[in-house]
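When we follow this note's numbering, the leftmost residue of the sequence shown carries the number -16, and every step to the right adds one. Just so it is clear, CB atoms sit at the ideal spot from N, CA and C, and this is done for glycine as well. I have placed the structure first, in the form of structure tokens, so that the comments after it can refer back to it.
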Amino acid sequence: MFNGIGTTEIIIIAIFVLVFFGAKRIPELAKGLGQGIKEFRQASKDIKKEIEDSSKDIDDAINHEENKTSK
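Shown next as structure tokens:
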């Protein structure tokens, strides 16, 4: 699963999380983590779209200039 982390280490981490946060808080933490990941993915998508749009605008401007100078 993970490089350098075995089953024993994962079990120890799971027990620590269970003791430290309690069984009732784990679903809340998982929900918050899921929402954070969802927001991160959406922000990444938005940034990628913005970069693609800007790149397209630059390409269009260059092509328009080339067409003006070639006529």
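Proximity below 9 Å, CB of residue i to CB of residue j
i	j	result
I85	V0	In the structure displayed, the chain extends from -16 to 54; residue 85 sits before or after that span and is not available.
L12	F23	no
Residue-chain proximity (residue i, chain C), Cβ-Cβ < 9 Å
i	result
K32	Included in the structure is just one protein chain, with no chain C present.
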